[in-house]
Amino acid sequence: MIFELSASEKLLLKRLGVGISKIMIFKMGAYPSAVSFVLNNNEIITIKGKGKDVAPRFEVFPIAVTNELFSSDPEQVIEIENNNKCLQIEKLQKCEWEIPSSKNEKELTFGDSTNATSQYEGRCEDMPNNAINQAILDAGIRIKSNEDGTFVVATSMFPFSLYVSECEFSESFDLSIYEYKSLTTL
């Protein structure tokens, strides 16, 4: 299955190019759950995960993009001092797949491990031939600017959790599992 951004979501992400004045990171549970960008023209662009069922017990979380602000207070706010424009906005795409669990993984499983599977994420080229279920998903964005460097927001394999760079309470993440596609060419 393939879960891609809609045309309207791509347009919203392209709006980030006008420049960002503030980034607000929201938290539900232990990890980030939404990120809102306040643009230089006061527009709001929010990114969060949305659950999509691929198969029984196999769910993925592509990004959802809206122009709505979360109703709760942000856990962390990053002020952008120079309000410079974004030079490049890229969407991050990854694959997730299930394979039969190895003997070692089954030994760590509580209860009956018959037909147990393990879920992985990575580039599509990393997916093994014995994948039982698989999905390709638009999983995040990477923003590059001259002054502020790079900022990344991406969904996790864990329900509705985000990986967020420069976030005090985000899990660490590996950018090498993503393929990058410029939003200017989409």
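Following the working numbering, the numbering of the sequence shown begins with 710 at its first residue and continues without gaps. Note that the Cβ used here is the ideal one computed from N, Cα and C, for glycine as well.
Here residue 799 is buried, its C-beta having at least 16 other C-beta atoms within 10 Å. Note on residue 833: under 16 other CB atoms within 10 angstroms of its CB, so exposed under the neighbour-count rule.
Residue 880 has its alpha-carbon roughly 8 angstroms from the corresponding atom of residue 873. Short of 6 angstroms from the beta carbon of residue 764, and not among the five residues preceding or following it, lie these beta carbons of its own chain, in chain order: 842. Fully contained in the segment 713 to 744 are the following beta strand (DSSP E) runs of length 3 or more, in chain order: 729 to 737. Residue 845 sits in a strand when the DSSP states are folded into three classes. Among the bridge pairs identified by DSSP, residue 789 is matched with none.
CA-to-CA, the gap between residue 717 and residue 773 works out to about 11 angstroms. Per DSSP, residue 794 is not a residue of any beta strand (DSSP E), being assigned neither H nor E. Of the candidates 713, 723, 710, 715, the residue whose Cα lies closest to the Cα of residue 797 is 723. When beta bridges are read from the DSSP output, residue 821 appears opposite no residue.
DSSP places residue 768 within a strand segment (E or B) once states are collapsed to three. Secondary structure at residue 778: coil, using DSSP grouped into helix, strand and coil. Under the three-state reduction of DSSP, residue 759 is assigned to coil, being neither helix nor strand. Taking C-beta atoms under 8 angstroms as the contact rule, residue 741 and residue 732 fail to qualify, at a distance of about 11 angstroms.
Assigned with DSSP and collapsed to three states, residue 876 falls in coil, not helix or strand. Around the Cβ of residue 851, a 10 Å sphere holds 16 or more other Cβ atoms; the residue is buried. Residue nearest to residue 779 within the set 790, 830, 736, 820 is 736 (criterion: CA-CA distance). For residue 881, the secondary structure class from DSSP, reduced to helix, strand or coil, is coil.
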